[in-house]
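If you read the sequence shown in numbering that gives the first Met the number 0, its first letter stands for residue 0, the second for the next number, and so on. Glycine residues also receive a C-beta, built at the ideal position from the N, C-alpha and C atoms. Treat the numbers as computed from the prediction; the structure is a model and nothing was measured.
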Amino acid sequence: MNAVAQVAAGVAALIHVVVWVFESFLMDRPAVHRGVFKLAAKDLPAIRLWSFNVGFYNLFLGGGTVLGLVLLNTGAETAGRTLVLYTCGFMALAGIVLAVSDALALGRPRGTGLTGAVGQFLPPAVTLVAALL
Numbered sequence: 000m001n002a003v004a005q006v007a008a009g010v011a012a013l014i015h016v017v018v019w020v021f022e023s024f025l026m027d028r029p030a031v032h033r034g035v036f037k038l039a040a041k042d043l044p045a046i047r048l049w050s051f052n053v054g055f056y057n058l059f060l061g062g063g064t065v066l067g068l069v070l071l072n073t074g075a076e077t078a079g080r081t082l083v084l085y086t087c088g089f090m091a092l093a094g095i096v097l098a099v100s101d102a103l104a105l106g107r108p109r110g111t112g113l114t115g116a117v118g119q120f121l122p123p124a125v126t127l128v129a130a131l132l
């Protein structure tokens, strides 16, 4: 797997780990729920269980990508490549789902999730495209 694909996968993993921290541990902070996720404080009790759980999905995706990169660079190339491509494919598809749900305005004002969708989609998509080259 070339360097561009590996760097993009690392960026994708980093984004997912940072979002894990936001969703699972920092959601109560106004800078996170209001600034990052565009959520009102009154809605926090309703989304707390969801955000904690989804945060761990992000951790597992990011961690799986990191593990794949480690395997890729320590002699288990097939296993590492497979894991990186799977987790990045998952991330890219989830980014598309987020963009579609934002376009349909599911659960929040339209347009508030587009930045997250691009951030979730773009680095893993670059990984997938660069891995084909």
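- Any C-beta of chain D under 8 Å from that of Pro-29: In the structure shown, chain D does not exist; there is a single protein chain.
- Taking Ala-102 as the reference, which of Val-117, Met-90, Gly-88 and Phe-89 has the closest Cα? Val-117
- Under 8 Å between C-beta atoms of Gln-119 and Gly-88: no
- Message: If you reduce the DSSP assignment to three classes, tell me which class Ala-7 lands in.
- Response: In the three-state reduction of the DSSP assignment, Ala-7 falls in the helix class.
- Within the same chain, show all residues whose beta-carbon is closer than 7 Å to that of Val-35, passing over the 5 residues directly before and after it, in chain order. Closer than 7 Å at the Cβ level, and outside the excluded window around Val-35, lie Phe-21.
- Query: Comparing alpha-carbon positions, which option in Met-26, Val-128, Gly-9 and Leu-113 lies nearest Lys-41?
  - Reply: For Lys-41, the closest C-alpha among the options Met-26, Val-128, Gly-9 and Leu-113 is that of Met-26.
- Inspect the beta-carbon positions of Leu-133 and Ala-98 and report whether they are closer than 8 Å. No information on residue 133 is available, as it lies outside the stretch 0 to 132 that the chain covers here.
- How about Thr-77 and Leu-60: do their beta carbons lie closer than 8 Å? no
- Please report how far the alpha carbon of Asn-133 lies from the alpha carbon of Leu-132, in whole angstroms. Here the chain covers residues 0 to 132 and nothing more, so residue 133 does not appear.
- Assuming Ala-91 contacts Ala-124 under a Cβ cut-off of 8 Å, what Cβ separation, rounded to an integer in Å, is found between them? 5 Å
- Would DSSP call Arg-28 helix, strand or coil? DSSP, read as helix, strand or coil, puts Arg-28 in coil.
- Task: Please determine, among Leu-121, Val-128 and Leu-43, the residue with the shortest C-alpha to C-alpha distance to His-15.
- Result: Leu-121
- Item | Val-18 classed as buried or exposed, judged by whether at least 16 other C-beta atoms fall within 10 angstroms | Burial call: buried.
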